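Note sheet for the following structure.
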Amino acid sequence: MSDVELFLYLAPILIASLVLHELAHAVVATRLGDPTPQEQGRLTLNPIVHLDPLGTAMFVVTYFLSNFVFGWAKPVQVQPQHFRRPKYDMAFVAAAGPATNFVIALACVAALVHMQLGEVTRNVLIRSYEINLVLGLFNLLPVPPLDGSRIVGAFMSDEVYATWSAADQYGMFIIFGVIIFFREQFNELFGSAFEHSTNVIVTLVGG
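As structure tokens, this is what we get:
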């Protein structure tokens, strides 16, 4: 199967992964008392509401040019002042996104291990596992505005947290800079991780 054919199979799963990641943020924020996601219509599975055109295009480009798949969906806007414990509740909201990607990755592994699948389906599920693994891990990096920065922020003093949160507006420049200047390191790191994890999966499903 060519890379293009595999990507066409993967596209619906990738879109679903992005949508569920953002929906998880919206659901947890709403449960913790912030009405903003509901007011902005983010409590939906409609991909049009969640997808960012540029972020989606980046997934396509990096998929074909790199071992490291990078992109983003439209961030869910959250107003921490609605939370009872702003710093800690923001950490829970942030963690919900990567956790969802890890659950999807585990679901792919479970299907590979416990179901009789054709070669095409197996290849799609293995790649879906890898994509969700990298989405989860990348979002846990403690760099504003990634989810990991919100989680780390829960352990900061209020003064430091305020300064840390203000860095969100520059976060994308930092992220792009890291990816551009350390692209080879990212490729090596994630390529090695994917190779080892894929070998484990192939062993579990019997080759």
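In terms of our numbering, the sequence shown opens at residue 134 and continues consecutively. Where is the CB? At the ideal position from N, CA and C, for every residue including glycine. These numbers were taken from a predicted model, which means no experiment stands behind them.
Beta-bridge partners assigned by DSSP to L184: A206. L279 and L273 have their alpha carbons spaced roughly 7 Å apart. Close CB contacts of I307 within its chain, under the 7 Å cut and outside five residues either way in sequence, are with V276 (chain order).
Restricting attention to alpha helix (DSSP H) runs no shorter than 4 residues, the segment 143 to 200 encloses them at 169 to 172, 180 to 183 and 186 to 198, ordered along the chain. Judged by their CB atoms, V242 and V226 are not nearer to each other than the 8 Å cut-off. Spatial neighbours of M305 in its own chain (CB-CB distance under 7 Å, excluding positions within 5 residues in sequence) are not present. Exclusion of the five residues before and after A206 leaves L151, V152, H154, E155, H183, L184, D185, G188 and T189 as the residues of its chain whose Cβ lies within less than 8 Å of its Cβ.
P208 is the residue among F203, K220, P208 and D167 whose C-alpha sits nearest the C-alpha of Q302. Counting only the Cα atoms, V161 lies some 10 Å from G230.
Exposed is the label assigned to I181, since fewer than 16 other Cβ atoms lie within 10 Å of its Cβ. With 16 or more other CB atoms across the displayed protein chains lying within 10 angstroms of its CB, E263 is buried.
The beta-carbon separation of M134 and N234, rounded to 24 Å, does not stay under the 8 Å limit for a contact. The criterion of a C-beta distance shorter than 8 Å is satisfied by V202 and V267. Shown here, V211 sits in coil according to DSSP, grouped into three states, outside any helix or strand. In this structure, the CA atom of M289 is about 45 Å from the CA atom of M248. Rounded to whole angstroms, the separation of the alpha carbons of A144 and A244 is 18 Å.
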